[in-house]
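Q:
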Amino acid sequence: MNMKTALLSLLILFSCALQAQDNPFSNPGAGTALIRSSILPAEEAFTLNTFIEAPGTVVLLWEIEEGYYLYQKSLSVTDQNDALIELGDLPVAATISDEFFGESKVYFERLLQRLPMDIFSQQNKTMSFTLSYQGCAQDRFCYPMQFKEVELSLP
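Once you know that position 57 of the sequence shown is 57 in my numbering, the rest is easy, because the numbers rise by one and skip nothing.
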């Protein structure tokens, strides 16, 4: 093999190796990383705000990013003793055929729920409770259950 042929062979091999590096489908882990990087963290996909609204109302507000949704059946509130707090009548939800859980009621864009303040136990001018919820990035990924510890100062 002469020097020109050897150099040309090395150049072709080097070029193929570079092309394979740029192709996410040549490495199964690389394609997964690309998909994961396009999915928001749960706290960004489902921005939660909780506050006390006069008179005597606790507001739970989820701002849901476009392309994401929350499952109605996943919503729950528990107090410091893990006792379930009744959510009352939730807003009307959309019904979808979900690839993970079949026919499901979900919320897109926003979920606003008001609860009477007196259903929460209060200590030292604060209320503490835990919110649980689960949602998905539409047609891509379902998040594990999220748990958010909330502590509100009383007026």
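Beta carbons: idealized from backbone N, C-alpha and C, even for Gly. Just so you know, these numbers come straight off a predicted model, no measurement behind them.
Over what stretch of residues does the beta strand (DSSP E) that includes Glu-53 continue unbroken?
A: 46-53
Q: In angstroms with no decimal places, state the Cα-to-Cα distance between Glu-44 and Asn-124.
A: So the alpha carbons of these two residues sit roughly 31 Å apart.
Q: Using 8 Å for Cβ pairs, my map puts Phe-108 next to Ile-39. What's the rounded Cβ distance?
A: A Cβ-Cβ distance of about 17 Å is found for the pair Phe-108 and Ile-39, leaving them out of contact under the 8 Å criterion.
Q: Quick check: what's the CA-CA separation for Ala-54 versus Glu-66?
A: Straight-line spacing of the CA atoms in Ala-54 and Glu-66 works out to 30 Å.
Q: Should Cys-136 be labelled buried (16 or more other beta-carbon atoms within 10 Å of its own) or exposed?
A: buried
Q: By the DSSP assignment, the beta strand (DSSP E) with Arg-114 in it spans what residues?
A: 110-116
Q: Helix or strand or just coil, what does DSSP make of Lys-73?
A: Lys-73 falls in the helix class under three-state DSSP.
Q: So does the region 74-92 actually touch the region 110-128, counting three or more Cβ pairs closer than 8 Å?
A: Yes, since at least three Cβ pairs between the region 74-92 and the region 110-128 fall closer than 8 Å, the two stretches touch.
Q: With respect to the beta strand (DSSP E) encompassing Tyr-133, which residues constitute its N-terminal and C-terminal limits?
A: 126-133
Q: Taking 8 Å as the threshold (C-beta atoms), are Leu-154 and Gly-122 in contact?
A: A small fix is needed here, since residue 122 is Gln in this sequence, not Gly. Cβ distance < 8 Å, so Gln-122 and Leu-154 count as in contact.
Q: Near Glu-100, what residues of its chain come up, given a Cβ to Cβ distance below 8 Å and the 5 sequence neighbours on each side ignored?
A: One point to set straight first is that residue 100 is Phe, not Glu, in the sequence displayed. Here the set comprises Cys-136, Cys-142.
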